[in-house]
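Residue numbers (my numbering): 3 to 141. Every residue gets a Cβ at the ideal spot worked out from N, C-alpha and C, and that includes glycine. As structure tokens, the structure follows; a few thoughts come after it.
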């Protein structure tokens, strides 16, 4: 059993994203893309898609930095928020971060909270990364 657990711990597993991508039906996505290309043209669609991807990436990074601040300092300070807002978000997208700030400030710091935590599930044979493991208040 020791040798078996060693081989399991070094084994590579697919990510949850890869598994979901391999099982997803792409017909609806293709139809939507065709509609958007007709509406905006192929260059316009590419520009909009790249802008949306960058916006999502920036938002994800900003929330990650704010939660790391919470983990390290026990709160999301106004100084940290302004710094992240100026350095990570664009003017067009800053309202997304401003809008989620009140919710983020309700998350308590805990000893076990994690941000961008890698994990492997040997039983179900997949690997992935949690964006955040935090305590949320139930209403």
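Using the Cα positions of residue 140 and residue 27, report the straight-line distance between them to the nearest angstrom. 34 Å
Check residue 15 in the structure and name its three-state DSSP category. Coil, per DSSP.
Distance between beta carbons of residue 69 and residue 87, contact taken as under 8 Å: Rounded, the Cβ-Cβ distance is 15 Å, inconsistent with contact.
Where the alpha helix (DSSP H) containing residue 98 begins and where it ends: 96 to 106
Can you list, in chain order, the residues of its chain with a C-beta nearer than 7 Å to that of residue 103? Leave out the 5 residues immediately preceding and following it. 83
Where does residue 78 fall in DSSP's three states? coil
Buried or exposed: where does residue 72 fall if 16 or more other Cβ atoms within 10 Å of its Cβ makes it buried? buried
Are there 16 or more other CB atoms within 10 angstroms of the CB of residue 33, so buried, or fewer, so exposed? Exposed is the call here.
Assuming residue 107 and residue 135 form a contact by the criterion Cβ under 8 Å, report the distance between their Cβ atoms to the nearest whole angstrom. Between residue 135 and residue 107 the Cβ distance is about 18 Å, and since that is not below 8 Å, they are no contact.
Is residue 130 closer than 7 Å to residue 20 when the C-beta atoms are compared? no
Spatial neighbours of residue 63 within its chain, please: CB distance less than 7 Å, with the 5 preceding and 5 following residues excluded, ordered by chain position. If you ignore the 5 residues before and after residue 63, its C-beta comes within less than 7 Å of the C-beta of 90, all in its own chain and listed in chain order.
Are there 16 or more other CB atoms within 10 angstroms of the CB of residue 109, so buried, or fewer, so exposed? Counting Cβ neighbours within 10 Å, residue 109 comes out buried, since at least 16 surround it.
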